[in-house]
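Q:
In the working numbering, the protein residues as written are 571 to 692.
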């Protein structure tokens with residue numbers, strides 16, 4: 571999203587970087603950016619793992635898991651999610667191999683408190 575915003579500011583045009591290009595930047599090119607400069611990016615293969623351009627066991631990765639049934643993403647082509655999704659659509663993250671899930675119980679408690687507060691205001 572930030573890349574598109576920067577390109578938009580520079581050109582004065584919306585949609586400068588297409589969704590397909592953003593996916594490549596965030597996946598294949600993202601993996602390449604984590605490799606030492608002297609280590610070439612492996613050729614693209616049809617299967618993940620060593621020798622592929624995708625993730626392999628032991629590779630560093632931070633992953634965001636979005637909730638596809640959120641109101642914001644409903645009916646949106648998944649290739650557009652990087653441009654549409656916000657922090658409110660995040661269900662979990664994986665940072666350096668550690669899962670960080672949204673605590674459903676905390677979210678439910680928050681909903682109840684907000685409902686009560688709204689009821690008092692009306």
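Each residue gets a CB set at the ideal place from its N, CA and C atoms; glycine is no exception.
1) Output needed for residue 671: all residues of its chain with C-beta closer than 6 Å, excluding positions within five of it in sequence on either side, in chain order.
2) In three-state terms, what does DSSP make of residue 663?
3) Can you grab the Cα-Cα spacing for the pair residue 577 / residue 686, in whole Å?
4) At a cut of 8 Å, does the segment 626–634 reach the segment 587–599 through at least three beta carbon pairs?
5) Distance check for residue 665 and residue 589, CA to CA, integer angstroms please.
6) Kindly list the residues whose CB is nearer than 8 Å to the CB of residue 705, restricted to its own chain and excluding five residues on each side of it in sequence; keep chain order.
7) Going by other Cβ atoms of all chains shown within 10 Å of its Cβ, with 16 needed for buried, is residue 655 buried or exposed?
8) Distance check for residue 634 and residue 658, CA to CA, integer angstroms please.
9) Once you ignore the five residues that flank residue 669 on each side, which residues in its own chain have a CB closer than 7 Å to its CB?
10) Where does residue 636 land, buried or exposed, given buried means 16+ other C-beta within 10 angstroms?
11) How far does the alpha helix (DSSP H) with residue 584 in it reach, from first residue to last?
A: According to the structure data:
1) 662
2) strand
3) 44 Å
4) no
5) 24 Å
6) With the chain covering only 571 through 692, there is no way to say anything about residue 705.
7) buried
8) 12 Å
9) 662
10) buried
11) Segment: none, residue 584 is in no alpha helix (DSSP H) and carries neither H nor E.
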